[in-house]
Amino acid sequence: MRKVRAFLNIEKEIKWLNEMANEGWNFTGYTLFVYSFEKCEPGEYEYQTDTSDKFGKCSEKYRYFMEEAGIDVVCCWGPWVMLRRKKSEEPFELYTDDESKLEHFIRVNRIFKTVAIIELICLLVNLYPAIEYTNTANIVACLIGGIFSGVFINMVLVYNNKIQRIKNENADLKESAKNIQKSRQALSVGWLFLLISLLLRRYPNVISFIASIVLGLAACFLFGYSLRYSFKNKTK
């Protein structure tokens, strides 16, 4: 059986895979939003995810280490590794102490930061031709860049908060929550500005052109501003 799903939150993805296993479906592979399953005993397996030591694949050393712990590598996709083991009474956790959790969260956060920056660059590169020439391909690229940069920036904020909780047990969580809220508000306004910027080009005059450019650049600025919280609180 195959199911099509799109997850950017890896915790929700693992929760869904475990729910499928509880219903009697063993996860066997993944290719570009398509998850493959085969029948199994309900609750026979449980799943977890990790960052790979090689992009798109795992080293033999990593596989051997997992096999020694009774864990199977289901598949590797980009920077992620999908893992499976027989269900037991002990929770399936790869990182149990604060030090290993911190290192893991930093690796995951670095991945989301990198992708967010790439998406922002994609947005900036396609912004002017989308406004000047109303090129459909550039408009679509802008929308994709705006959506995905926002989604990945949000994940950066989520994992940065996890990191700060571990690094500083006495951290001001209220202040942290306020910063995250401000960043998400900046993302929301940025998305709105981007949409208005692209819609204004339906009116071919100088004023709408200037307004489109200004709003488009403002959207990019707001996306970048939303990353401020993450870079302000260094995670390295």
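Residue numbers (the working numbering): 30 to 265.
In this text, a Cβ means the ideal position worked out from N, Cα and C, and glycines have one as well.
These numbers come from a predicted model, not from an experiment.
Spatial neighbours of residue i in its chain, beta-carbon cut-off 7 Å, leaving aside the 5 residues before and after
| i | result |
| --- | --- |
| L46 | F56 and Y76 |
| K191 | F134 |
| F121 | E75, Q77 and R114 |
| V218 | L251 |
| W106 | Y59 |
| P108 | T80, S81, F84 and I140 |
Sequence-distant residues of its chain with Cβ nearer than 8 Å to residue i (five each side left out)
| i | result |
| --- | --- |
| H133 | D79, T80, L123 and Y124 |
| R257 | S212 |
For residue j and residue i, the rounded distance between their alpha carbons
| i | j | result |
| --- | --- | --- |
| C87 | E96 | 13 Å |
| R31 | C69 | 15 Å |
| V33 | Y64 | 6 Å |
| F94 | M111 | 15 Å |
| K196 | L131 | 8 Å |
| C171 | L156 | 6 Å |
| E119 | G53 | 20 Å |
| R194 | P158 | 43 Å |
| F222 | L244 | 5 Å |
| F173 | E89 | Looking at the sequence provided, one finds Ile at residue 173 rather than Phe. Going from the Cα of I173 to the Cα of E89 covers about 36 Å. |
| F189 | N138 | The identity of residue 189 in the sequence shown is Asn, whereas the question assumes Phe. In a straight line, the C-alpha of N189 is about 7 Å away from that of N138. |
| A98 | C104 | 17 Å |
Presumed contact (8 Å Cβ cut-off) between residue i and residue j, rounded CB distance
| i | j | result |
| --- | --- | --- |
| A240 | G175 | With a Cβ gap of about 17 Å, A240 and G175 do not count as contacting. |
| P255 | I182 | Note that residue 255 corresponds to Ser in the displayed sequence, not to Pro. Yes, S255 and I182 are in contact; Cβ-Cβ is about 5 Å, under 8 Å. |
From the options, residue whose alpha carbon lies closest to that of residue i
| i | options | result |
| --- | --- | --- |
| Y74 | S226, V102 and E128 | V102 |
| A215 | D126, V180 and L227 | V180 |
| V185 | R136, L152 and L246 | R136 |
| F62 | F36, K44 and N51 | F36 |
Outcome for residue i when other beta-carbon atoms lying within 10 angstroms are tallied against a minimum of 16
| i | result |
| --- | --- |
| E148 | buried |
| Y162 | exposed |
| K265 | Confidence is the limiting factor: at K265 the pLDDT is only 44, short of 50, which leaves the residue's position unreliable, though a coordinate-based value still follows. Result: exposed. |
| E40 | exposed |
Neighbourhood of residue i by C-beta, 6 Å cutoff - its chain only, sequence neighbours within 5 removed
| i | result |
| --- | --- |
| I100 | L112 and R114 |
heavy atom of the ligand ATP below 7 Å from residue i C-beta
| i | result |
| --- | --- |
| K83 | Annotation note on the ligand ATP: not contained in the displayed structure, which lists no ligands. |
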